[in-house]
Amino acid sequence: MPGFPNFDLKTFNEVRPGIIGWALLNIACACEQYLRNGRVTDSMILVVLFQGWYSLDSLWEEVHCPMSPGRMTLTRSRRS
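Heads up: the sequence shown runs through residues 106 to 185, numbered per the numbering used here.
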């Protein structure tokens with residue numbers, strides 16, 4: 106993109122809303138479970154923690170690792 110050389114529009118539109126929405130949906134489900142049952146089950150806590158960790162890691166890697174394996178493969182295939 107000419108005006109934004111360090112901005113990946115595709116990643117911004119595909120990854121961020123999906124990953125952030127997934128984490129918010131998990132938190133909303135945990136809140137609903139607490140309202141209905143008066144407590145959050147151990148399995149729901151694990152889901153929120155592990156998927157939250159995955160979400161944060163994917164957003165962190167998006168920012169700090171611009172040449173991910175998928176992108177390197179795409180770059181190599183364009184050169185051929």
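C-beta: ideal position from N, C-alpha, C; glycine also.
Less than 7 Å between C-beta atoms, sequence neighbours within five positions excluded: which residues of the same chain meet that for residue 152? Position 47 of the sequence shown, counting from 1, holds the residue named residue 152. Within the same chain, residue 152 has close Cβ partners 131.
Taking the alpha-carbon positions, what's the residue 142 to residue 148 distance? Within the sequence shown, the letter at position 37 stands for residue 142. Within the sequence shown, the letter at position 43 stands for residue 148. So the two alpha carbons sit approximately 14 Å from each other.
Short check: CB of residue 156 to CB of residue 145, under 8 Å? As a working note, residue 156 is residue 51 in the sequence shown. As a working note, residue 145 is residue 40 in the sequence shown. Not closer than 8 Å, so no.
Member of 136, 129, 121 whose CA lies at the smallest distance from the CA of residue 165: Taking the sequence shown and counting its residues from 1, the one referred to as residue 165 is at position 60. It is 121 whose Cα lies nearest to the Cα of residue 165.
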